[in-house]
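First up is the structure itself, then whatever we jot down about it.
There are 2 protein chains.
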Amino acid sequence: MITREEFARAQERTAATLAAAGIVITPEERASIEVADFGLNDLERIGLEIIVYVNTDRCCAKELVLFPGQICPQHRHPSIDLEPGKEETFRCRAGQVYLYLPGEATPNPKGFVPAERADAFTVWNEVILNPGEQYTLLPDTWHWFQGGPEGAIVSEFSTRSRDDADIFQDMQIQRAPEVAE
Amino acid sequence: MITREEFARAQERTAATLAAAGIVITPEERASIEVADFGLNDLERIGLEIIVYVNTDRCCAKELVLFPGQICPQHRHPSIDLEPGKEETFRCRAGQVYLYLPGEATPNPKGFVPAERADAFTVWNEVILNPGEQYTLLPDTWHWFQGGPEGAIVSEFSTRSRDDADIFQDMQIQRAPEVAE
Numbered sequence: 001m002i003t004r005e006e007f008a009r010a011q012e013r014t015a016a017t018l019a020a021a022g023i024v025i026t027p028e029e030r031a032s033i034e035v036a037d038f039g040l041n042d043l044e045r046i047g048l049e050i051i052v053y054v055n056t057d058r059c060c061a062k063e064l065v066l067f068p069g070q071i072c073p074q075h076r077h078p079s080i081d082l083e084p085g086k087e088e089t090f091r092c093r094a095g096q097v098y099l100y101l102p103g104e105a106t107p108n109p110k111g112f113v114p115a116e117r118a119d120a121f122t123v124w125n126e127v128i129l130n131p132g133e134q135y136t137l138l139p140d141t142w143h144w145f146q147g148g149p150e151g152a153i154v155s156e157f158s159t160r161s162r163d164d165a166d167i168f169q170d171m172q173i174q175r176a177p178e179v180a181e
Numbered sequence: 182m183i184t185r186e187e188f189a190r191a192q193e194r195t196a197a198t199l200a201a202a203g204i205v206i207t208p209e210e211r212a213s214i215e216v217a218d219f220g221l222n223d224l225e226r227i228g229l230e231i232i233v234y235v236n237t238d239r240c241c242a243k244e245l246v247l248f249p250g251q252i253c254p255q256h257r258h259p260s261i262d263l264e265p266g267k268e269e270t271f272r273c274r275a276g277q278v279y280l281y282l283p284g285e286a287t288p289n290p291k292g293f294v295p296a297e298r299a300d301a302f303t304v305w306n307e308v309i310l311n312p313g314e315q316y317t318l319l320p321d322t323w324h325w326f327q328g329g330p331e332g333a334i335v336s337e338f339s340t341r342s343r344d345d346a347d348i349f350q351d352m353q354i355q356r357a358p359e360v361a362e
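In order, the protein sequences belong to chains R and P.
Per the numbering used here: the first sequence = residues 1 to 181.
Per the numbering used here: the second sequence = residues 182 to 362.
Okay, here's the thing in structure tokens:
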């Protein structure tokens with residue numbers, strides 16, 4: 001649960017981050033910036049700001065904003081019926097993003113997680129993306145990512161997004177945002 | 182056929198256009214900027230500069246650059262076997278782009294085409310995209326587009342690109358670029 005004030009502040013900060021990077025959004029997009037706190041009420045540490053440009057049955061594009069050190073928690077996009085899970089490419093546009101994937105754990109990773117939630121981060125193979133760099137993730141791959149010291153703007157190019165189908169490592173997570181009345 | 186010099190100049194101009202808009206590309210992407218003159222040897226008027234970020238079996242993202250007044254000529258993306266044709270969203274990032282689609286011809290359109298090729302432009306329903314504005318095109322829809330007075334940068338989010346399957350209105354067009362030795 002996130003308060004209305006916190007939600008509005010996060011939207012404002014997201015809009016300012018995009019504007020500073022020269023990324024233009026429409027007033028409608030500005031008003032519908034998604035602020036995901038994943039139901040953890042710890043937005044500064046675990047959260048993600050999202051602008052969905054397009055999401056059809058076939059493909060999807062979003063702009064993701066991470067505040068400095070903010071984490072999108074570990075999850076995967078499973079196959080549903082006959083449709084393979086979401087394939088996504090993360091392209092860093094500004095700042096820096098630390099992406100974590102299955103594979104050999106990177107020694108001394110740059111990322112850090114809340115101690116009380118450390119169990120919910122099990123993949124530690126690190127890919128650091130600077131502006132202009134990108135990584136394509138195959139369906140159903142566990143991953144999490146974190147904004148660097150100055151945060152990050154990340155373009156996501158993917159197949160259809162079905163957020164409600166995402167599987168999170170942390171059982172406490174609730175993907176659909178709830179804003180306090 | 183385009184000369185090596187013209188090709189290199191167009192790449193340089195494209196890179197400068199992106200840099201001016203704060204869009205970062207890698208040195209590898211810089212080196213592989215595609216300059217399409219559609220075999221017409223008239224790049225300033227008919228041509229398109231392209232950076233392919235990702236193009237898998239399932240989805241694709243590109244950055245398109247149009248010089249001022251430059252035209253991507255009329256074409257469509259047909260269905261192939263059981264795969265529906267390419268669905269694409271054009272999102273203007275900088276400058277202005279004039280997009281033309283089937284439907285009622287717009288009176289006094291902003292776009293203009295070379296007189297000797299006017300027959301190859303048959304759809305004149307105009308959509309003007311300013312930065313932050315976008316349009317999603319259904320498969321197999323005839324379309325063409327032109328950079329405004331200051332050119333344009335357009336992000337294209339789509340299903341798989343199969344340029345060799347594109348159908349152009351102008352029979353003289355050859356999609357695969359040829360650079361003079």
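Glycine included, C-beta positions come from ideal geometry on N, C-alpha and C.
Exercise for the section: For residue 162(R), decide whether its Cβ has a neighbour in chain P, counting only Cβ atoms nearer than 8 Å. Expected result: no
Problem - DSSP three-state assignment for residue 268(P), whether helix, strand or coil - result: coil
Handout entry: Of the listed residues 253(P), 239(P), 206(P), nearest to residue 225(P) (C-alpha basis)
Key = 253(P)
Exercise for the section: Give a yes or no on whether 8 Å exceeds the smallest Cβ distance from residue 315(P) to chain R. Expected result: yes
Practice task
At 4 residues or longer, and completely inside the region 2-41 of chain R: list those alpha helix (DSSP H) runs for me, N to C.
Solution key: 4-20, 27-31
Handout entry: Assigned secondary structure, residue 297(P) (DSSP; H/G/I helix, E/B strand, else coil)
Key = helix
Problem - Three or more C-beta pairs below 8 Å linking the region 231-239 of chain P and the region 306-321 of chain P - result: no
Practice task
Starting from residue 236(P), follow the beta strand (DSSP E) in both directions and report where the run begins and ends.
Solution key: 229-236
Handout entry: Rounded separation between residue 26(R) and residue 142(R) - CA only
Key = One C-alpha to the other measures close to 33 Å.
Problem - chain R residues whose Cβ lies nearer than 7 Å to that of residue 203(P) - result: The answer, in chain order, is 21, 22.
Exercise for the section: To the nearest angstrom, report how far apart residue 231(P) and residue 244(P) are at their CA atoms. Expected result: 6 Å
Problem - C-beta atoms of residue 95(R) and residue 20(R) nearer than 8 Å - result: no
Problem - Residues, ordered as in the chain, of the region 88-103 of chain R that lie near chain P by beta-carbon distance below 9 Å - result: 88, 89, 91, 92, 93, 94
Exercise for the section: Taking residue 188(P) as the reference, give the member of 255(P), 339(P), 213(P) with the closest Cα. Expected result: Proximity to residue 188(P) across 255(P), 339(P), 213(P) peaks at 213(P), based on C-alpha coordinates.
Handout entry: Assigned secondary structure, residue 346(P) (DSSP; H/G/I helix, E/B strand, else coil)
Key = helix
Exercise for the section: Please work out which residues of its chain come closer than 7 Å, Cβ to Cβ, to residue 308(P), disregarding the five sequence neighbours upstream and downstream, and give them in chain order. Expected result: If you ignore the 5 residues before and after residue 308(P), its C-beta comes within less than 7 Å of the C-beta of 280, 282, 316, all in its own chain and listed in chain order.
Exercise for the section: Have a look at residue 37(R) and residue 190(P) and give me their C-alpha separation to the nearest angstrom. Expected result: 47 Å
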